[in-house]
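Down below is the structure, laid out as structure tokens.
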Amino acid sequence: MLFLVSVLSLRAFYEPFWIPSASMVPSLRVGDYLIVSRHNKGPLERGEIVVFQHPTRGGEWIKRIIALEGDSVQIVDGAVILNGAPLAYEPKDDFVRAFRRHDLSGGMPMCGQVNGQNCITPASIEILPSGKSHLILDARDSSLDNTAVYKVPSGHMFLLGDHRDNSLDSRVAVGAGGLGFVPTANVTGRKPFLIFSSSGMVLFNPFSWRRDRYLQAIQ
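Here it is as structure tokens:
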């Protein structure tokens, strides 16, 4: 009984969430198992990762907030222009992972190039005006590297995946399979905390857990 009460109490404050796709690589990997805070008090911030309900389809998604109500945002040659000013970028070493199917999703990784068994993708740090930063991937030129100027309406947010060429996000209209602008009221979880990460076919098989990905806050 005490265990049940403890579990129910925990669920009142935190919600489990697992990562089924590669749209947030490298910050989040396919097979990551997280908990997110259900207590969403306090203003949302540009740069934070949130779990939210899809505007029309239901189901929970996870992306990074890039712009909030009143902001203007545009993508030019893959770089974010926020309120008329380009974000700062710092090149980083290429992100390297195994070129094989994601065991849980069944999909192949999107790479900048494939070298033998390695999937190699250019990476850079994207720095917001607040100084908050995160790592992003740029696998190739795509139609989403250049967009119109978006004006975020009241009560909404503009979200992107960190794997920019492998993400259906606010750059894509809802009718085309993306997110468009997402109501801030749709946020269901914040402050993701990684419990463990599985590279295998079964999420809860400890033998497939990644040794370098457990018990860490995700920024």
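Residue 219, in full-length UniProt numbering, is where the sequence shown stops; the numbers in between run on with no holes.
Just so it is clear, CB atoms sit at the ideal spot from N, CA and C, and this is done for glycine as well.
None of the values given here were measured: they were computed from a predicted structure.
Subject >> CA-to-CA distance, R29 to D93, given in whole angstroms >> reply: 18 Å
Original post:
Helix, strand or coil: which one does DSSP assign to L159?
Top reply: strand
Original post:
With burial defined as no fewer than 16 other Cβ atoms inside 10 Å of the residue's Cβ, what is the status of P86: buried or exposed?
Top reply: exposed
**OP:** Starting from T121, trace the beta strand (DSSP E) both ways and give me its first and last residue.
**Re:** 118-127
Original post:
Can L137 and F99 be called in contact, C-beta distance under 7 Å?
Top reply: The Cβ-Cβ distance between L137 and F99 does not fall below 7 Å.
**OP:** Determine the direct distance from the alpha carbon of S170 to that of Q219, and round the result to whole angstroms.
**Re:** 20 Å
Subject >> Endpoints, the beta strand (DSSP E) within which G17 is located >> reply: Note on residue identity: the sequence assigns Phe, not Gly, to residue 17. Element bounds for F17: 14-18.
Original post:
From what residue to what residue does the beta strand (DSSP E) around E90 run?
Top reply: 88-98
Subject >> Beta-carbon contacts of W209 that lie in its chain and below 7 Å, excluding the five residues immediately before and after >> reply: The residues are F196, S197, S198.
**OP:** On the DSSP bridge assignment, give the partners of residue 220 in chain order.
**Re:** The shown model of the chain, from 1 to 219, leaves out residue 220, and the question about it has no answer.
**OP:** Write down every uninterrupted run of the beta strand (DSSP E) in the segment 45-80 whose length is 3 residues or greater and which is fully enclosed by it, in chain order.
**Re:** 49-53, 60-68, 72-76
Subject >> Three-state class that DSSP yields for P109 in the structure shown >> reply: coil
**OP:** Take S167 and list the residues in its own chain whose beta-carbon comes closer than 7 Å to its own, dropping the five residues that flank it on each side.
**Re:** Here the set comprises S23, L160, G161.
Original post:
Would you call H39 buried or exposed, if buried means 16 or more other Cβ atoms sit within 10 Å of its Cβ?
Top reply: exposed
**OP:** Whole angstroms is fine: what's the gap from D165's alpha carbon to C119's?
**Re:** 14 Å
Subject >> Three-state class that DSSP yields for V7 in the structure shown >> reply: Only weak support exists for where V7 lies, its pLDDT of 38 falling under 50; the value from the coordinates is given anyway. Helix at V7.
**OP:** Could you name the residues that DSSP lists as bridge partners for Q216?
**Re:** Residue pairing from DSSP places Q216 in a beta bridge opposite L194.
Original post:
R64 and L128: beta carbons closer than 7 Å?
Top reply: no
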